[in-house]
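Numbering (this note's numbering), first residue to last: 269 to 557.
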């Protein structure tokens, strides 16, 4: 097993492999901040063997600078923050629309999410332990139960407010009435099949953003539906395709927010950085710089 290296040895190793340091003091600061291992995900495209993941020599293309590697990391970080802003808005809107439409359709069942006549049995049976147990520590849910001591669950408009996007996705798919689900999908200009696909795409990207995963070279296992988000065939599994879905969904909520998202991405792509880094961004994301 490999042994840990201190900062100086990390930099020496990078130099032996071909990395050029313009400012070693700043590089040390970055390595201590970001971490040698994490930065390696962004150094990989600068290696001679890229994109071959096997039999890597870890030797870098002649002239590769530490700054160019960091610029790719910084691009990815800013992209993550940019998308999270839009995803948060989509998540809030989605939660609100599901709560409103389903709660009013089943107005006599305020806890319809655990009603087996409305929801699939496996969802209802797993809900108390898998989802609700973690909500019981929420001050608002806790306050509800202290006031209404005979309620096993708080009503939908309280409970759904604190469910994760993953929980909401599972809840939506567990609704039995297809027509109710179609009504929700229609709010976003989608057929039911496409909406489920977009919902899953958003869930995956939201998780990647929340956990700091790399976005620039991500690959979605499940292809994204092309229409109505306008996803090109070449982008059905990459970050550009996911971005197209996010842009489309935020546009059904607010055209102002959609324009803001487009402007922010354009500004991010136009940030000054070395040509080699821009080329990697272009190649891996399919965004145009």
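Glycine is no exception: its CB is placed at the ideal position from the N, C-alpha and C atoms. Everything numeric in this text was worked out from a predicted model, so none of it was measured.
- Uninterrupted alpha helix (DSSP H) stretches at least 4 residues long and entirely within the region 386-469 occur at 389-395, 407-415, 424-427, 433-442, 446-454, given in chain order.
- Here the region 379-387 lies against the region 431-451, with 3 or more beta-carbon pairs under 8 Å apart.
- Just measuring C-alpha positions, the residue of 525, 414, 445, 408 sitting nearest residue 428 is 408.
- The residue among 473, 309, 372 with its C-alpha nearest the C-alpha of residue 448 is 372.
- Residue 299 and residue 307 do touch by the CB rule: their CB atoms are close to 7 Å apart, below 8 Å.
- Excluding the 5 residues flanking it on each side, residue 313 has same chain C-beta neighbours closer than 6 Å at 548, in chain order.
- Contact annotation: residue 342 and residue 287 have beta-carbon atoms that are not nearer than 8 Å.
- Within 10 angstroms of the beta-carbon of residue 315 lie 16 or more other beta-carbons, which makes it buried.
- Comparing alpha-carbon positions, the option among 542, 469, 539, 484 lying closest to residue 516 turns out to be 469.
- Distance from the CA atom of residue 534 to the CA atom of residue 363, rounded to whole angstroms, is 29 Å.
- In the DSSP secondary-structure assignment, residue 333 is bridged to 288.
- In this structure, residue 492 sits near residue 513, with a CB-CB distance shorter than 8 Å.
- Here DSSP, grouped into helix, strand and coil, assigns residue 530 to helix.
- Distance from the Cα of residue 434 is smallest, within the candidate group 332, 392, 472, for 472.
- Under DSSP, residue 315 takes part in a beta bridge, and its partners are 328.
- For residue 544, the enclosing alpha helix (DSSP H) begins and ends at 543-553.
- For residue 509, the enclosing alpha helix (DSSP H) has its first and last residue at 507-521.
- Per DSSP, reduced to three states, the secondary structure at residue 274 is coil, with no helix or strand assignment.
- Going by C-alpha positions, residue 466 is about 17 Å away from residue 443.
- In the three-state reduction of the DSSP assignment, residue 504 falls in the coil class, being assigned neither a helical nor a strand state.
- Taking each of 552, 520, 524 in turn and checking the Cα distance to residue 359, the smallest one comes out for 520.
- Separation of the CB atoms of residue 552 and residue 484 is rounded to 5 Å, and the pair is thereby assigned contact status at 8 Å.
- If you draw a straight line from the Cα of residue 474 to the Cα of residue 545, it is about 25 Å long.
- Annotated as distal: residue 350 and residue 537, with beta-carbon spacing of 8 Å or more.
- In terms of Cα proximity to residue 509, the closest of 523, 524, 490 is 490.
- Annotated as proximal: residue 374 and residue 386, with beta-carbon spacing under 8 Å.
- DSSP, read as helix, strand or coil, puts residue 375 in coil.
- In terms of CA proximity to residue 476, 507 leads the group 272, 304, 507, 397.
- A direct Cα-to-Cα measurement between residue 411 and residue 397 gives close to 19 Å.
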